[in-house]
Amino acid sequence: MTKTRYATLPLFSEMSVILFFKEPMKSCCTQYHPSPVPFKVLKYYRIQDNKQYCNIKAIIFTTVRNRLVCANPDSEWVQYAIGSLHYSQISTILCESIECFPLCLF
3 MTKTRYATLP
13 LFSEMSVILF
23 FKEPMKSCCT
33 QYHPSPVPFK
43 VLKYYRIQDN
53 KQYCNIKAII
63 FTTVRNRLVC
73 ANPDSEWVQY
83 AIGSLHYSQI
93 STILCESIEC
103 FPLCLF
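Using the numbering used here, you'd call the opening residue of the sequence shown number 3 and step up by one each time.
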């Protein structure tokens, strides 16, 4: 019986480590991209706050090549890009929900 106890202890330890690290860590921006990025290469974005484990507030853009670009949320070009992405997404949703012809400009 003693052998059984010692044999199950390492197995239990490994399982607890796996359960502890089950949730993946998100990547954090540590600095901002130095220059504006052309809007035509941006697909979408997410907001990073500095409340949990990230040290700066940032907007993380994903490009059409699936690259991440960290940007300062207070920059004018970032605000413009966010607004343009919202506008583009609304246009796409409207055009998909109704018959939209090539002249459908929103």
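No residue lacks a Cβ here, since even glycine has one placed at the ideal position from N, Cα and C.
Remember, predicted model here, so these are calculated numbers, not experimental data.
By the three-class DSSP mapping on this structure, what secondary structure does tyrosine 47 have? Looking up residue 47 in the sequence shown gives position 45. DSSP places tyrosine 47 in strand when its eight states are reduced to three.
Among all the DSSP beta bridges, which residues are the ones paired with isoleucine 62? Start at 1 with the first residue of the sequence shown, and residue 62 comes out as number 60. In DSSP, isoleucine 62 forms a bridge with Arg48 and Cys72.
I need the DSSP call for leucine 81, collapsed to helix, strand or coil. What you label residue 81 is simply residue 79 of the sequence shown in a count that begins at 1. A small correction: the amino acid at residue 81 is glutamine; leucine does not occupy that position in the sequence shown. Residue state for glutamine 81 is assigned as helix, using DSSP reduced to three classes.
Just the Cα atoms here: how many angstroms apart are threonine 32 and aspartate 51? Position 30 of the sequence shown holds residue 32. Position 49 of the sequence shown holds residue 51. Rounded to whole angstroms, threonine 32 to aspartate 51 spans 12 Å at the Cα level.
Measuring CB to CB, does cysteine 30 end up less than 8 Å from tyrosine 55? Here residue 30 refers to the residue found at position 28 when the sequence shown is read from its first residue. Here residue 55 refers to the residue found at position 53 when the sequence shown is read from its first residue. Cβ distance < 8 Å, so cysteine 30 and tyrosine 55 count as in contact.
Do you know offhand how far proline 36's Cα is from histidine 88's? The residue given as residue 36 occupies position 34 in the sequence shown. The residue given as residue 88 occupies position 86 in the sequence shown. Distance between the alpha carbons of proline 36 and histidine 88 is about 23 Å.
Sequence-distant residues of the same chain with beta carbon closer than 7 Å to proline 75, five excluded per side: Here residue 75 refers to the residue found at position 73 when the sequence shown is read from its first residue. If we look at proline 75 and ignore the five residues flanking it on each side, its Cβ neighbours are Lys59, Ala60 and Ile61.
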